[in-house]
Every structure is written in C-alpha cells, then in structure tokens.
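**Student:**
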Amino acid sequence: MKILITGSAGFIGSTLAMKLLDRGDSVIGIDNFNDYYDPSIKHNRIKRLENSSNFININADISSKKSLENVFEEFLPDVVVNLAAQAGVRYSIENPMAYIESNIVGFANILEASRNYNIKHLVYASSSSVYGANTNMPFSIHNNVDHPLSLYAASKKSNELMAHSYSHLFSLPTTGLRFFTVYGPWGRPDMALFKFTKSIIEDKPIDVFNFGKHRRDFTYIDDIVEGVMRVIDNPATANKEWNGDHPDPGSSSAPWKVYNIGNNKPIELMSYIAAIEKFLNKKAEINFLPLQPGDVPDTYADVTDLVNDFGYQPSTSIEEGVANFVEWYLDYYKK
Numbered sequence: 000m001k002i003l004i005t006g007s008a009g010f011i012g013s014t015l016a017m018k019l020l021d022r023g024d025s026v027i028g029i030d031n032f033n034d035y036y037d038p039s040i041k042h043n044r045i046k047r048l049e050n051s052s053n054f055i056n057i058n059a060d061i062s063s064k065k066s067l068e069n070v071f072e073e074f075l076p077d078v079v080v081n082l083a084a085q086a087g088v089r090y091s092i093e094n095p096m097a098y099i100e101s102n103i104v105g106f107a108n109i110l111e112a113s114r115n116y117n118i119k120h121l122v123y124a125s126s127s128s129v130y131g132a133n134t135n136m137p138f139s140i141h142n143n144v145d146h147p148l149s150l151y152a153a154s155k156k157s158n159e160l161m162a163h164s165y166s167h168l169f170s171l172p173t174t175g176l177r178f179f180t181v182y183g184p185w186g187r188p189d190m191a192l193f194k195f196t197k198s199i200i201e202d203k204p205i206d207v208f209n210f211g212k213h214r215r216d217f218t219y220i221d222d223i224v225e226g227v228m229r230v231i232d233n234p235a236t237a238n239k240e241w242n243g244d245h246p247d248p249g250s251s252s253a254p255w256k257v258y259n260i261g262n263n264k265p266i267e268l269m270s271y272i273a274a275i276e277k278f279l280n281k282k283a284e285i286n287f288l289p290l291q292p293g294d295v296p297d298t299y300a301d302v303t304d305l306v307n308d309f310g311y312q313p314s315t316s317i318e319e320g321v322a323n324f325v326e327w328y329l330d331y332y333k334k
C-alpha cells in the first residue's frame with residue numbers, strides 16, 4: 000500500500016514508518032520538525048528511513064490546507080495515519096492555541112483531504128487522556144468520555160467526534176487509537192522515562208508528581224506499532240447492532256471505531272523508576288511534588304475490543320522495555 004504518515008519524524012510515526020517499509024509498503028511522511036522538543040532527534044529518526052527507495056519525507060505542516068492538499072494530489076495515498084499533533088498535557092495549559100492550530104485545524108484539513116482524495120482508511124492518534132475524570136477502571140471504549148481535564152485531552156476527544164461526522168456523512172472509514180503512555184527507544188525527550196534517565200545519569204533530582212502515587216499503563220513502542228499496523232489493514236466498518244436509543248460510545252452505525260492500545264497492566268510510577276535505577280545501576284534523587292493540573296492519577300486500558308477484533312494484545316514487560324530504552328539511550332548519547 001501507499002501510506003501517508005503525518006508526524007513521520009515523531010516517536011511513533013518514525014517507528015511505524017520503519018515497520019511499514021520493512022514489510023514492503025511505500026511511505027510518504029509529513030512533519031514540520033517544530034521545536035516543542037529538540038528537533039535534532041527528529042532529524043535523526045528520519046535518517047533511519049532514508050535508505051529506503053519507498054520512503055519520501057516532506058517538511059510541511061498539516062495546519063496548512065494548501066500544503067496538505069499538494070501532498071495528497073501528488074502522491075494519492077491509499078491510507079492515512081495521522082500522528083501529527085501538538086503533544087503534552089501540561090504544555091496545553093501554557094500554550095492552548097498551539098493545540099487548536101495543530102490538533103483541531105490540522106485534523107480538519109486531514110479529514111477534508113481524506114474525503115476529497117477517496118482515502119480507503121483514516122487511522123488517527125487519540126489518547127488515553129480522553130478518559131479525563133473517569134475513575135471506573137480499566138478504561139473501556141464503551142464508557143462515556145465527556146469530562147476531559149486538559150485542552151490536550153479535549154482536542155483528542157474532538158478528533159474522535161470530527162472523524163465520526165465524516166464517517167457518517169461521507170462513509171469515510173476512520174479508526175481512532177487511544178494510546179496509553181508510550182515509551183521505548185527513540186522516545187520523546189519531554190516524557191518521564193527520558194527525563195528520569197537523563198537526570199539520574201547526571202546526578203540531578205527528578206520531579207515526581209502526585210508524590211509518586213501515579214499508576215500508568217506504560218506501553219512499549221513496538222507493541223503500539225504492531226497494533227497500529229493491524230488496524231491499518233482492517234478499515235473500520237459500521238456496527239449493524241448499534242442503536243441510537245442505547246448508543247455505544249465505542250462504535251457507530253457509520254464506519255467509525257475507536258480502540259485502546261495499552262499494556263493492560265498499570266504500573267506504579269515508583270516501580271517504573273526502580274526499573275530505570277536497576278538498568279542504570281544508580282539510585283535516583285527524588286523531589287516529590289503534588290498532582291499537576293490536567294494530570295490524572297491512574298490510567299488502565301481495557302483492550303478487550305483490540306483482542307476480539309484483531310487477536311492482539313500488547314505484552315512487553317516494563318523490565319524488558321526499560322532495559323531496551325536505557326541501552327539505546329546510553330548508545331545514542333554515548334554515555
């Protein structure tokens with residue numbers, strides 16, 4: 000297939016591109032290489048892909064309707080995977096308009112281009128943050144998610160609603176993927192694993208919010224990508240049993256679906272830190288702080304639908320995943 004990936008220089012996007020190229024797909028990447036975090040790692044991720052004759056990357060921003068249309072018109076992709084977004088819960092409190100521009104305007108442009116160029120399947124990144132104030136664990140796609148705790152979460156929920164309208168009006172198959180705390184080699188420098196590892200190596204204290212009582216459903220990058228690839232190959236279909244009198248939030252009478260992709264095994268943050276300490280053979284100096292605005296105390300993915308529809312469930316242990324990350328980090332930064 001010819002697959003367009005937005006956010007191709009990102010953590011998930013670049014890893015997905017590599018796996019798709021390995022299996023013989025053609026990949027067109029779009030990224031704006033912004034400086035939300037150090038762009039050098041983005042350029043180095045892209046360098047890993049450039050030996051493939053089936054890969055081309057374009058420096059463009061999805062919030063530019065014209066730039067996006069030009070890419071669709073030139074390459075005529077079969078499938079679109081939208082991973083481009085302004086990420087980060089806390090940053091959305093400081094700079095909300097960045098989220099409107101990228102996550103709302105940009106996604107609207109993706110939907111319009113997908114409709115106009117007869118895309119067979121639009122797959123897009125949602126987030127576990129959409130569960131917001133929900134406390135019924137594990138988080139299920141069949142639960143209502145109308146109480147986001149940050150603008151970032153609200154923008155991701157908005158993407159799901161926007162996609163639904165296009166699936167309903169234009170029969171565009173769309174699938175939203177609620178990712179749960181993705182980690183691993185080539186990860187984002189603004190994420191906890193990266194920050195903790197760097198600070199422990201440099202003998203600097205690490206800030207641990209909610210006094211270390213967080214639980215997160217940490218999900219290894221390869222598990223995420225395997226889930227995305229299975230979804231790509233199976234466009235969303237309408238649920239013929241769907242009933243407007245008792246609406247199921249996780250499916251629709253339109254070709255629209257959402258899935259959780261998580262490890263289904265929440266880990267206490269202190270256990271996560273202990274794994275980093277183990278593989279660095281060094282103790283962390285910890286600065287305990289209260290829960291941050293916009294954060295949720297716990298995340299826990301119900302992946303029943305992923306298992307039922309695709310026969311797949313993430314399974315990489317924290318020990319294996321953190322070990323792989325630390326090995327990569329020490330090599331990448333020559334520590």
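Numbering that gives the first Met the number 0 puts the sequence shown at residues 0 to 334. Beta carbons are placed, not taken as given, at the ideal position from N, Cα and C, and that holds for glycine.
1. Return yes when the Cβ of T173 is within less than 7 Å of the Cβ of I338, no when it is not.
2. Say whether the region 7-27 touches the region 37-56, bearing in mind that this needs 3 or more beta-carbon pairs closer than 8 Å, one atom from each stretch.
3. Is the Cβ-Cβ distance between P184 and W327 less than 7 Å?
4. Nearest by alpha-carbon distance to I200: which of S125, F138, L329 is it?
5. Just to confirm, are P234 and H120 a CB contact at a threshold of 7 Å?
6. Does DSSP classify S52 as helix, strand or coil?
7. Taking the Cβ atom as the reference point for each residue, do E319 and V257 lie within a distance shorter than 7 Å?
8. Between L3 and the rest of its own chain, which residues show a CB-CB distance below 6 Å, the 5 nearest in sequence each way excluded?
9. My guess is that P98 and Y151 are in contact by the Cβ rule of under 8 Å, so how many angstroms apart are they, rounded?
10. Apart from the five residues on each side of it in sequence, which residues of its chain come closer than 7 Å, Cβ to Cβ, to T14?
11. Would you mind reading off the limits of the alpha helix (DSSP H) that contains D308?
12. So, do the region 108-119 and the region 255-274 have three or more beta carbon pairs nearer to each other than 8 Å?
13. Measure the alpha-carbon distance for I61 versus Y331 and round it to whole angstroms.
14. Taking DSSP as the reference, what is the three-state secondary structure of L150?
15. By the 10 Å Cβ neighbour count, where 16 or more other Cβ atoms means buried, how is Q85 classified, buried or exposed?
16. Taking the straight line between their C-alpha atoms, what separation do you get for V129 and A300?
17. Shorter than 6 Å, the distance from the beta carbon of I11 to the closest heavy atom of the ligand GDP, or not?
18. For the beta strand (DSSP E) containing A124, list its first residue and its last residue.
19. Are the CB atoms of G131 and L82 nearer to each other than 7 Å?
20. Can you grab the Cα-Cα spacing for the pair F178 / P313, in whole Å?
21. Indicate the three-state DSSP secondary structure (helix, strand or coil) for V257 in the structure shown.
22. Would you mind giving the Cβ-Cβ distance between R215 and L268, rounded to the nearest angstrom? I have them listed as a contact below 8 Å.
23. Using 10 angstroms around the beta-carbon of G310, count the other beta-carbons present and answer buried if the total reaches 16, otherwise exposed.
24. Using the DSSP secondary-structure output, state which residues sit across from S25 in a beta bridge.
25. Using the beta-carbon count (16 or more within 10 Å), is L290 buried or exposed?
26. Who pairs with N43 in a beta bridge, going by DSSP?
27. Would you identify the three-state DSSP class for R114, choosing helix, strand or coil?
28. Out of G9, G293, H213, D222, state which residue places its alpha-carbon closest to the alpha-carbon of E93.
29. Helix, strand or coil for F324, going by three-state DSSP, please let me know.
30. Rounded to whole angstroms, how far is the Cβ of T298 from the Cβ of S127, which I believe are closer than 8 Å?
31. CA-CA distance, H213 and T180?
**Tutor:** Taking the structure as given:
1. In the structure as shown, the chain begins at 0 and stops at 334. Residue 338 is therefore absent and cannot be evaluated.
2. Flag = yes, the region 7-27 and the region 37-56 touch.
3. The residue you call residue 184 lines up with position 185 of the sequence shown. The residue you call residue 327 lines up with position 328 of the sequence shown. Cβ distance < 7 Å, so P184 and W327 count as in contact.
4. As a working note, residue 200 is residue 201 in the sequence shown. Minimum Cα distance to I200 is reached at L329.
5. Numbered from 1 along the sequence shown, position 235 holds the residue referred to as residue 234. Numbered from 1 along the sequence shown, position 121 holds the residue referred to as residue 120. Yes; because the gap between Cβ atoms is below 7 Å, this pair is in contact.
6. Residue numbering aside, residue 52 sits at position 53 when the sequence shown is read from its first letter. Coil, per DSSP.
7. Taking the first residue of the sequence shown as position 1, residue 319 is located at position 320. Taking the first residue of the sequence shown as position 1, residue 257 is located at position 258. Result no, Cβ atoms of E319 and V257 do not sit closer than 7 Å.
8. Translated into positions along the sequence shown, residue 3 becomes position 4. Within the same chain, L3 has close Cβ partners I27, P76, V79.
9. Here the question's residue 98 lines up with position 99 in the sequence shown. Here the question's residue 151 lines up with position 152 in the sequence shown. At residue 98 the sequence reads Tyr, which differs from the Pro that was named. Going by Cβ atoms, the distance from Y98 to Y151 rounds to 6 Å, so yes, they are a contact pair.
10. Looking up residue 14 in the sequence shown gives position 15. The answer, listed in chain order, is W185, I220, V224.
11. Working through the sequence shown from its first residue, we reach residue 308 at position 309. Here the alpha helix (DSSP H) through D308 covers 303-309.
12. Between the region 108-119 and the region 255-274 there are fewer than three C-beta pairs closer than 8 Å, too few to call the two in contact.
13. Against the sequence shown, residue 61 aligns to sequence position 62. Against the sequence shown, residue 331 aligns to sequence position 332. Here the alpha carbons of Y331 and I61 stand approximately 30 Å from one another.
14. On the sequence shown, residue 150 is found 151 positions in, with the first residue counted as 1. Looking at L150 - three-state DSSP - the assignment turns out to be helix.
15. Residue 85 sits at position 86 when you count from the first residue of the sequence shown. With 16 or more Cβ atoms within 10 Å of its Cβ, Q85 is classed as buried.
16. Taking the sequence shown and counting its residues from 1, the one referred to as residue 129 is at position 130. Taking the sequence shown and counting its residues from 1, the one referred to as residue 300 is at position 301. C-alpha separation (whole angstroms): 12 Å.
17. Absence of the ligand GDP from the depicted structure is noted, as is the absence of any ligand whatsoever, leaving it without description.
18. Reading the sequence shown from its first residue, position 125 is the one you call residue 124. Run containing A124: 120-126, per the beta strand (DSSP E) assignment.
19. Working through the sequence shown from its first residue, we reach residue 131 at position 132. Working through the sequence shown from its first residue, we reach residue 82 at position 83. Cβ distance not < 7 Å, so G131 and L82 don't count as in contact.
20. Reading the sequence shown from its first residue, position 179 is the one you call residue 178. Reading the sequence shown from its first residue, position 314 is the one you call residue 313. Between F178 and P313, the C-alpha separation is close to 11 Å.
21. Looking up residue 257 in the sequence shown gives position 258. The DSSP-derived three-state label of V257 is strand.
22. Taking the first residue of the sequence shown as position 1, residue 215 is located at position 216. Taking the first residue of the sequence shown as position 1, residue 268 is located at position 269. Indeed, because the Cβ distance is near 7 Å, the residues count as touching under 8 Å.
23. Taking the sequence shown and counting its residues from 1, the one referred to as residue 310 is at position 311. Exposed is the call here.
24. On the sequence shown, residue 25 is found 26 positions in, with the first residue counted as 1. In DSSP, S25 forms a bridge with K1.
25. Translated into positions along the sequence shown, residue 290 becomes position 291. So L290 ends up on the exposed side.
26. In the sequence shown, the residue the question calls residue 43 occupies position 44. In the DSSP output, where bridge partners are listed per residue, N43 has none listed.
27. Translated into the one-based positions of the sequence shown, residue 114 becomes position 115. R114: helix per DSSP, three-state reduction.
28. Counting from one through the sequence shown, the residue named residue 93 turns up at place 94. Closest option to E93, judged by alpha-carbon separation, among G9, G293, H213, D222: G293.
29. In the sequence shown, counting from the first residue as 1, residue 324 sits at position 325. Helix, per DSSP.
30. Position 299 of the sequence shown, counted from the first residue, corresponds to residue 298. Position 128 of the sequence shown, counted from the first residue, corresponds to residue 127. By a beta-carbon distance limit of 8 Å, T298 contacts S127. Their separation comes to about 5 Å.
31. Within the sequence shown, numbered from 1, the residue matching residue 213 stands at position 214. Within the sequence shown, numbered from 1, the residue matching residue 180 stands at position 181. Going by the C-alpha atoms only, they are around 12 Å apart.
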